[in-house]
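Residue numbers (the numbering used here): 110 to 303.
Positions of the beta carbon are idealized from the N, C-alpha and C atoms, including for glycine.
Note that the structure is a prediction, hence the values are computed from the model and not measured.
See structure below.
Structure follows, in C-alpha cells:
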C-alpha cells in the first residue's frame, strides 16, 4: 500500500498545479475569449469585464487565502482541501456549460471564474499545511519543493495551454484541461487522505 505521505503529496501537488494553470491560462487567450463572447473589451461599458477577467481570479484567491487557512484549521485541512477541489470543479463545469454571449456572457465568465478562485484559495491554503503534517522534518523540504515546482510549472503551462486551446475554441481555456485532470484524478485517493 502506498504510504499516506505520498498520497497527500500527489493530491496537494495536483491541486496546486490545477489552480496555477487556471490562474495564467487566460492571459494569452484574451483576444479569443472576447471574440467568442462578442464583446469589445476596450469599449467603456465593457472595460470592467477585461479588468475582472484579467485580475479577478488572483484577487479573489489572495483575499480568501487567510480566511480559507483559518477555516481549515477549525474544520480540518483535508476536508476543506477536498471542498476546494469540489468548488473548483463546479466553477470549471459552469464555465463550460454556460455559453453566454455579449455582456451577459462576460458577466457569467467573471462570476464563474470567481467560483474557481474560491476553490483555488482552499487548495493553496491547505497544500503546504497538509504536506507539513504528512512528512517528517527530514523529508519535508523535498516534498515542499516538489509542490512548489508544480506551482511554478503550472504558471508556465497555463500560458502555453491558453495559446493552444484558444486556437481551437475559447471555452476550452477554462475547462478542458482542468476538467480532464479532475476526471482522471482518482477521488478515492483524496478521501483516503481524510
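So, is residue i buried or exposed, given that buried needs 16 or more other C-beta atoms within 10 angstroms?
{"i": "residue 230", "result": "buried"}
{"i": "residue 112", "result": "exposed"}
{"i": "residue 245", "result": "exposed"}
{"i": "residue 179", "result": "exposed"}
{"i": "residue 213", "result": "exposed"}
{"i": "residue 296", "result": "Note that residue 296 scores 48 on pLDDT, short of 50, meaning its location in the model is unreliable and no value can be drawn from it."}
{"i": "residue 148", "result": "buried"}
{"i": "residue 110", "result": "Residue confidence is low: residue 110 scores 43 on pLDDT, short of 50, so the model does not pin down where it sits. Its coordinate-derived value is still stated next. Classification for residue 110: exposed."}
{"i": "residue 120", "result": "buried"}
Can you give me the start and stop residues for the alpha helix (DSSP H) that residue i sits inside?
{"i": "residue 228", "result": "211-243"}
{"i": "residue 131", "result": "113-146"}
{"i": "residue 336", "result": "Not covered by the structure: residue 336. The range shown for the chain is 110 to 303."}
{"i": "residue 191", "result": "186-206"}
By alpha-carbon positions, which one of the options ends up nearest to residue i?
{"i": "residue 168", "options": "212, 220 and 142", "result": "220"}
{"i": "residue 129", "options": "258, 275, 280 and 272", "result": "258"}
{"i": "residue 173", "options": "126, 139, 251 and 225", "result": "225"}
{"i": "residue 261", "options": "115, 120 and 127", "result": "127"}
{"i": "residue 176", "options": "189, 265, 164 and 162", "result": "189"}
{"i": "residue 191", "options": "263, 122, 135 and 232", "result": "232"}
{"i": "residue 132", "options": "208, 278, 234 and 223", "result": "223"}
{"i": "residue 265", "options": "136, 119, 121 and 115", "result": "136"}
{"i": "residue 194", "options": "209, 278 and 124", "result": "124"}
{"i": "residue 280", "options": "263, 210 and 204", "result": "204"}
{"i": "residue 87", "options": "186, 218 and 211", "result": "No answer is possible for residue 87: it lies beyond the span of the chain, which begins at 110 and ends at 303."}
Residues in its own chain within less than 7 Å of residue i by CB, not counting five upstream and five downstream?
{"i": "residue 117", "result": "239, 240, 243 and 302"}
{"i": "residue 134", "result": "267, 270, 271 and 282"}
{"i": "residue 122", "result": "255, 256 and 259"}
Apart from the five residues on each side of it in sequence, which residues of its chain come closer than 6 Å, Cβ to Cβ, to residue i?
{"i": "residue 196", "result": "227 and 228"}
{"i": "residue 275", "result": "138, 141 and 282"}
{"i": "residue 158", "result": "215"}
{"i": "residue 166", "result": "132, 222 and 226"}
Would you say residue i touches the ligand GDP, meaning its beta carbon is less than 7 Å from a heavy atom?
{"i": "residue 142", "result": "The ligand GDP is absent from the structure shown, which contains no ligand whatsoever."}
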